[in-house]
């Protein structure tokens, strides 16, 4: 957990109320790169668990992730990118890998487009969703990434942040199973393996469940 956001936690109340209200509809929105687009990705695993958690509710996934796309492209049309729902209860942004490679010039990273995306997501729907920012490593598979700048924005807007890089790296650098090698951490030297995708779903769900139990 890279940051606990009070705004995220406050907005989770909308999700919790719907979770225990028979017949309610819960919408999960996602914007990111191909990591959030794979058919075996964290989002597929996570929504399955959310449906088990909230059996009296209908849960919809609005996944607007695009391969090789940064936050500038999707940030200007965040609502349209995920299918234009009027309400979104949970929202995940995943751009560390793509933004880091696209918006770094002469060694300097620019996070303005990511901030615009966050502001757009906060204001464009009927009410602000509970946003969790999800962070992976740098390209192709390195520790150095755009995470510090993006987490700083999460802190500024009081949003929660989960770092898969920070979860994976202690195992990888120590060559400890189950994440001892590049092949175990990634599927192609860049994108997370199925194991790491499952771990991302685990950590997202743990965050939600812990807050729900304290609700």
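Numbering (our numbering), first residue to last: 74 to 288.
Each residue gets a CB set at the ideal place from its N, CA and C atoms; glycine is no exception.
Counted within 10 angstroms of its Cβ, other Cβ atoms place residue 214 as buried (16 or more) or exposed: By the C-beta density criterion, residue 214 is buried, having at least 16 other C-beta atoms within 10 angstroms.
Sequence-distant residues of its chain with Cβ nearer than 7 Å to residue 80 (five each side left out): Here the set comprises 230, 231 and 232.
For residue 186, which residues from the same chain have a beta carbon less than 6 Å from its beta carbon, with the 5 sequence-adjacent residues on both sides left out? Contacts found: 144, 145 and 148.
Boundaries of the alpha helix (DSSP H) in which residue 208 is found, first to last residue: Secondary structure note for residue 208: it is in no alpha helix (DSSP H), and the uninterrupted beta strand (DSSP E) holding it is 203–208.
Would you list the one or two residues that DSSP bridges to residue 166? Partner(s): 104 and 206.
Buried or exposed, going by whether 16 or more other CB atoms sit within 10 Å of the CB of residue 178? So residue 178 ends up on the exposed side.
Going along the chain, which unbroken runs of the beta strand (DSSP E) with 3 or more residues stay wholly within the segment 124–172? Entirely contained in the segment 124–172, the beta strand (DSSP E) runs reaching 3 residues are, in chain order, 131–136 and 163–167.
Compare the beta carbon distance of residue 154 and residue 137 with 8 Å and say whether it is the shorter of the two. Yes, these two residues count as a Cβ contact at 8 Å.
Using the rule of at least 16 other Cβ atoms within 10 Å of the residue's Cβ for burial, across every protein chain shown, is residue 115 buried or exposed? Counting Cβ neighbours within 10 Å, residue 115 comes out buried, since at least 16 surround it.
Give me, in chain order, the residues of the same chain whose beta-carbon lies closer than 6 Å to that of residue 294; leave out the 5 immediate sequence neighbours on both sides. A query on residue 294 cannot be resolved here, the shown segment of the chain reaching from 74 to 288 and no further.
Taking only three categories from DSSP, how would you classify residue 215? Here residue 215 sits in strand by DSSP.
Rounded to the nearest angstrom, what separates residue 139 and residue 248 at their Cα positions? Whole-angstrom Cα-Cα distance: 32 Å.
Quick one: what does DSSP say residue 285 is sitting in, helix, strand or coil? Three-state result, residue 285: helix.
So, for residue 91: in the same chain, excluding its five sequence neighbours on each side, which residues have a beta-carbon less than 8 Å away from its beta-carbon? Spatial neighbours of residue 91 in its own chain (CB-CB distance under 8 Å, excluding positions within 5 residues in sequence) are listed in chain order as 97, 98, 99, 127, 130 and 162.
Which residues does DSSP pair with residue 99 in a beta bridge? Partner(s): 132.
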